[in-house]
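Let me begin by presenting the structure, written as structure tokens, before commenting on it.
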Amino acid sequence: MSLISYLTLAALVFAIGLFGVLTRRNAIGILLGIELMLNAVNINLVAFARFHGDVAGLVFTLFTIAITVAEVAVGLALVIVIFRVRRTVDADRLDLLRG
Amino acid sequence: MTGATVAFWVVAVVLVASSLGVVLTPNLFHAVLYLAAALVATGVVFLLLDSPFLFGVQLLLYAGGVVTIVVFAIMLTERLVGERIAQTSRHVINGAVVAAGVFVGVGGFLLQSRAAGARPPLTGDATAAIGRALVGPFAVTLELLGVLLVVALLGALHFARTEE
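Going line by line, the protein sequences match chains G and D. Start counting the first sequence at 123; every next residue gets the next number (the numbering used here). Start counting the second sequence at 16; every next residue gets the next number (the numbering used here).
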């Protein structure tokens, strides 16, 4: 398969993840959409690394994965603490910072 | 059609279908299960790109770690509220238009880019090359990443702990 087909697949998954982030009301659902988008980026990185014969792309994929795990841990901790305070994870009703 | 082509199309269909499941299913728990399928399919894409090490990392960290903590978060929040969390969507049309626009934009850019060369032959063991790069040119980055992980997990612990 050519590089273009991998990049198209990644773009499709990225668009689907973006759709999830934009339309989900639940904060955990939004986090799942972000996961999908980051995965699409990883596919891009690995595809470019393979087709250009450069190991840097693979190393950066590892970094992205580790940062995503940290981001999910912090994000879910925030969701839980917000839930404890507001009794909801509906993103539309989380307006504590509204002036 | 070679075996690799068939494998690519199969895994592409599985990946896109499970991704659609993540963003479209009304049950949040099912969405997480679809996400697990999508993450495993991504790992298989890595395998098709001759990166077995990243396939293993993907399975261990994403499909093993991330999915587990998301499931725990859902169980905690559902348990606290004592009812099923309905997963509804809003602005579906607007979201679909924006997502389709992004896809068309990226796709158009891909179409007019010059055709990339064929896949170069595999040179050496990719896993060994990753290991050498991690302790060579990327050593400082790796250390910083370790600090970041510790700080992020301590922060998550600090947020989520209950006041005694």
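We put the beta carbon where it would ideally sit given N, CA and C, even for glycine.
Residues that residue i contacts on chain D, provided the C-beta gap is smaller than 9 Å
{"i": "Ile187 of chain G", "result": "Leu69, Val72, Gln73, Leu76, Tyr77"}
{"i": "Leu154 of chain G", "result": "Val37, Val38, Leu43, Ala46, Val47, Tyr49, Leu50, Val85"}
For residue j and residue i, believed in contact at Cβ under 8 Å, the rounded distance
{"i": "Ile156 of chain G", "j": "Val211 of chain G", "result": "Ile156 of chain G to Val211 of chain G, Cβ: 15 Å. No contact."}
{"i": "Val29 of chain D", "j": "Ala52 of chain D", "result": "7 Å"}
{"i": "Ala19 of chain D", "j": "Leu63 of chain D", "result": "7 Å"}
{"i": "Gly58 of chain D", "j": "Leu74 of chain D", "result": "5 Å"}
Residue i vs residue j beta-carbon contact at 8 Å
{"i": "Ala137 of chain G", "j": "Val117 of chain D", "result": "yes"}
{"i": "Ile152 of chain G", "j": "Ala213 of chain G", "result": "yes"}
{"i": "Val168 of chain G", "j": "Phe61 of chain D", "result": "yes"}
{"i": "Leu157 of chain D", "j": "Leu164 of chain D", "result": "no"}
{"i": "Tyr77 of chain D", "j": "Ile204 of chain G", "result": "no"}
{"i": "Ala175 of chain D", "j": "Ala192 of chain G", "result": "no"}
{"i": "Ile89 of chain D", "j": "Val47 of chain D", "result": "yes"}
{"i": "Leu216 of chain G", "j": "Arg209 of chain G", "result": "no"}
{"i": "Ala178 of chain G", "j": "Val121 of chain D", "result": "no"}
{"i": "Val181 of chain G", "j": "Ala167 of chain D", "result": "no"}
{"i": "Leu129 of chain G", "j": "Asn166 of chain G", "result": "yes"}
Residues that residue i contacts on chain A, provided the C-beta gap is smaller than 8 Å
{"i": "Met159 of chain G", "result": "Among the chains of the structure shown, chain A does not appear; the protein chains present are G and D."}
Proximal chain G residues relative to residue i, where beta-carbon distance stays under 8 Å
{"i": "Val113 of chain D", "result": "Leu140, Phe141, Leu144"}
{"i": "Asp65 of chain D", "result": "Arg172"}
{"i": "Ala53 of chain D", "result": "Val135, Leu158, Asn161"}
{"i": "Gly18 of chain D", "result": "Within 8 Å Cβ-Cβ: nothing; Gly18 of chain D doesn't reach chain G, min ~11 Å."}
Per-residue burial, residue i [other beta carbons within 10 Å of its own, 16 or more giving buried]
{"i": "Phe173 of chain G", "result": "buried"}
{"i": "Gly142 of chain G", "result": "buried"}
{"i": "Ile202 of chain G", "result": "buried"}
{"i": "Leu110 of chain G", "result": "Any question about residue 110 of chain G goes unanswered here, given that chain G covers just 123 to 221."}
{"i": "Ala144 of chain D", "result": "buried"}
{"i": "Thr138 of chain D", "result": "exposed"}
{"i": "Ser128 of chain D", "result": "exposed"}
{"i": "Leu131 of chain G", "result": "buried"}
Contact list for residue i against chain G, beta-carbon separation under 7 Å
{"i": "Gly122 of chain D", "result": "Thr130, Ala133"}
{"i": "Val187 of chain D", "result": "Beyond the ends of chain D as shown, which are 16 and 179, falls residue 187 of chain D; an answer cannot be given."}
Residue i: contacting residues in chain D (beta-carbon distance under 7 Å)
{"i": "Leu198 of chain G", "result": "Ile84, Val85, Ala88"}
- Message: Runs of 4 residues minimum, wholly inside the segment 123-204 of chain G: which ones carry the alpha helix (DSSP H) assignment?
- Response: Runs found: 125-145, 149-174.
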